[in-house]
Ligand SMILES: NC(=O)c1ccc[n+]([C@@H]2O[C@H](COP(=O)([O-])OP(=O)(O)OC[C@H]3O[C@@H](n4cnc5c(N)ncnc54)[C@H](O)[C@@H]3O)[C@@H](O)[C@H]2O)c1
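In the UniProt record's numbering, the protein residues as written are 1 to 527.
So this is what it looks like as C-alpha cells:
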C-alpha cells in the first residue's frame, strides 16, 4: 500500500513538473516556426509579476485576426480595473529595485535582452507577419531595428549623469537625473514590436518600470518582449503587458501610481490620452498621425526621387505614420516622374507576406481595407485620376483568399482641397500634385494641422537645407525617405505630437532632474 502511494505521488509529481515546465516555456517556443494559416494561440497574452496571466473575464473578448488569411488567431479578453491595478503595482515594486541599480548594471541586462532577441530574430519576425500582415522582409528589418534600439539604450544607460554647478561663496549645486517611476506605453498596430521597444528600452535604461498596452489588433509580440526581458534578468514586474482596447488604455492613463504615459496612435485618441493624463498632471509623449509632404524639384536625380516616393508610400502596405503621401512634383518633370512611378508601382509583388519575393502584404483588418478603398473612390469622385491600383487584390493561393490585400495606388490630378490630400489614409495610396515655385510649394506643404515628417529631393544643397528649415515638421528627409534610425530623434510638430522618441533626446522624456543645493559656510539669516 505504502509503495503504491509513493508511486502515485511520484507519478503526479512528475506530471506537475512537466506541466509547470510547459507553462513556463517562453511563448516564442510555442510559436516556433509560425506560419500562415496554422498558428494557434492558447497561451494568455497578459504578463505581469514576471509571468503570463489569464484575463479574469472572457465575456467581452474580441477576435484577433491574421490579416493575410482573415482567420481568427484568438479571442482577446480585455484587462479590467483590477488587472490593470495588479500590473501597475507589480511595476512599482520592480521599479523600487531597478531604479537603485547603476546605469552600467541596467545596461548589461538590456544588452542581454538584445542578444536574445537577435538570436530569435527570424522567429519573432514570422510572428509579426502572422499578426500584422506585413512582409517577412520588412518584419525582419523591424526586429533588427528593435534589437538596435535595445542595444542603443543599453549604451546610453551608463552615460546618464547630472551636472555640477558652482555658486557664490564656495557653495555649489548638483543635479541628479532620476527616473519618473511607473511609465505606461500604449501602442499602435503598425509596428507592434518596434513601438514596444522604442518605449520600453529608454524607459528601462533610465531606471523606470513600464506597463505596456499593445493595440488589440496586434497583441502578440509585446508579450514575447516581456519574456525576453525576463530571461535577460530584469526583475519580475519591471515590464508588464496588459491587453485590451480603449477602456483598458483609459484605466492605465487614470491610474494614480502612473507617472507618465507614452502614446502612439491617432490624433483623436492622442487628444483623449492627453486630457486623461492632465487630470493627474502626468507627463505625456504623443506620437500621432501625419500627412507628410514630399517635395521633388526638377533638378533632382529622378531615379532616386522615384525610389524615394515608393519608399515614402508603400512600406507596411502604406500604414506608416511618417509616410510622405502628399507628393509635390515640379511641373516640368511631372510626366516622366509619373511614368516611372506607375511602372514601378505596378511591378510591386503583392501577396503571401512570408515569401521572400513579396513586397506588399495584407492590410491590418477588413475595416481598414474598406476604409482605404473608400478613400480611393472618394478621390475619384472629387476629380482625381487613378493611374494604377486601388482595387481589392485576391492572391491565387487559396489559403490567402480571405486576406485583406489591395493593389498599391497612384493618384494623379489631385488638389490640396481633396480628402485624399487632407486626411491620413493609412494605406498604399500616393497622391501626386504639380507645383511651380519653391515658395508656393512650401506654403502648400505647411498648410496642414499635421507636422510629423517631410522630404525633399534636389541636387541644390542650399535649397535642400532652406526647404528643410522652412518645413513645419519634426523630421525632414533630404534625397531619401523613411530612413529613420534609433539613433536620431523622432516626433511630430503641430498636431502630430509632443515629445521625442529615439536618439539621446528621449532621455529628457523618461527622467526628471533633481537639484541639490549645498551650503559650505554658515547660514546668513534675515531673521
Ligand atoms: N507618430 C508615430 O510615431 C506613430 C507611429 C505609428 C502609428 N501612428 C499613428 O497611429 C494611428 C494608427 O494606429 P491605431 O489605429 O492603432 O490608432 P488608435 O489611436 O486607434 O489606437 C492606438 C492605441 O490607443 C488605444 N486606445 C484607443 N482608445 C483609447 C483611449 N480612449 N484611451 C487610451 N488608449 C486608447 C488603442 O487600443 C491602441 O492601443 C495612425 O494615425 C498613425 O499615424 C503614429
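For each residue, glycine too, the CB sits at the ideal point set by N, CA and C.
May I ask you to report which of helix, strand or coil DSSP gives residue 1?
With a pLDDT of only 42 at residue 1, under the threshold of 50, the placement of this residue in the model should not be trusted; the figure read from the coordinates follows. Of the three classes helix, strand and coil, the one that applies to residue 1 here is coil, per DSSP.
Ends of the alpha helix (DSSP H) at residue 374?
366-381
How should residue 391 be labelled, buried or exposed, when 16 other C-beta atoms within 10 angstroms of its C-beta is the threshold for buried?
exposed
At least 3 beta-carbon pairs within less than 8 Å: the segment 242-253 vs the segment 184-192
yes
Could you have a look at residue 512 and say whether DSSP puts it in helix, strand or coil?
strand
Residue from 114, 72, 446 with nearest C-alpha to residue 224:
114
List the whole-angstrom C-beta distance separating residue 531 from residue 345, where the pair is believed to meet the contact cut-off of C-beta under 8 Å.
No answer is possible for residue 531: the residues shown for the chain start at 1 and end at 527.
Do residue 297 and residue 330 come within 7 Å of each other at the CB atom, strictly closer than that value?
Taking 7 Å as the Cβ cut-off, residue 330 and residue 297 qualify as a contacting pair.
Nearer than 6 Å: is that true of the beta carbon of residue 188 relative to any heavy atom of ligand 1?
Because some heavy atom of ligand 1 lies under 6 Å away, the Cβ of residue 188 counts as near it: yes.
For residue 123, report the span of its alpha helix (DSSP H) as first-last.
121-132
Taking residue 336 as the reference, give the member of 74, 306, 362, 317 with the closest Cα.
306
The alpha helix (DSSP H) that contains residue 563, what's its start and end?
With the chain covering 1 to 527 only, the question about residue 563 has no answer from this structure.
State the Cα-Cα distance for the pair residue 442 and residue 500, rounded to the nearest angstrom.
24 Å
Using 10 angstroms around the beta-carbon of residue 165, count the other beta-carbons present and answer buried if the total reaches 16, otherwise exposed.
Exposed, since its Cβ has fewer than 16 Cβ neighbours within 10 Å.
Nearest residue (CA-CA) to residue 48, options 222, 177, 153
222
Report buried or exposed for residue 21, applying the criterion of at least 16 other Cβ atoms within 10 angstroms of its Cβ.
Legend: pLDDT at residue 21 = 42, less than 50; position of this residue unreliable, value from coordinates given subsequently. It counts as exposed.
By Cβ distance below 8 Å, which residues in the same chain neighbour residue 60 in space, the five residues on each side in sequence not counted?
77, 78
If you drop the 5 nearest sequence neighbours on each side, which residues of the same chain put their C-beta closer than 8 Å to that of residue 104?
157, 158
Could you check the C-alpha separation between residue 275 and residue 333 for me, to the nearest Å?
46 Å
Could you tell me the distance, in whole angstroms, from the CA atom of residue 488 to the CA atom of residue 304?
23 Å
With 16 as the cutoff for other CB atoms within 10 Å, does residue 54 come out buried or exposed?
exposed
Pairwise C-alpha distance: residue 463 and residue 34
48 Å
If you draw a straight line from the C-alpha of residue 175 to the C-alpha of residue 517, how long is it?
9 Å
Length of the line joining the Cα atoms of residue 484 and residue 317
17 Å
Just the C-alpha distance for residue 402 and residue 379, rounded to the nearest angstrom, thanks.
26 Å
Is there at least one non-hydrogen atom of ligand 1 closer than 6 Å to the beta-carbon of residue 321?
yes
For residue 291, the residue or residues it bridges with in DSSP
Paired residue(s): none; residue 291 is not in a bridge.
Cβ of residue 287 within 6 Å of any heavy atom in ligand 1?
yes
Same chain, Cβ closer than 8 Å to residue 125, neighbours up to 5 away in sequence not counted
136, 139, 140, 142, 143
Could you spell out the range, first to last residue, of the alpha helix (DSSP H) harbouring residue 345?
334-346
Say the cut is 6 Å; is the CB of residue 272 nearer than that to a heavy atom of ligand 1?
Ligand 1 approaches residue 272 closely enough that one of its heavy atoms is under 6 Å from the residue's Cβ.
Do the CB positions of residue 90 and residue 237 come within less than 7 Å of each other?
yes
For the candidate residues 437, 118, 56, whose alpha-carbon lies nearest to that of residue 81?
56
Can you name the start and end residues of the beta strand (DSSP E) that residue 213 belongs to?
209-213
Output the boundary residues of the alpha helix (DSSP H) element that contains residue 229.
220-232
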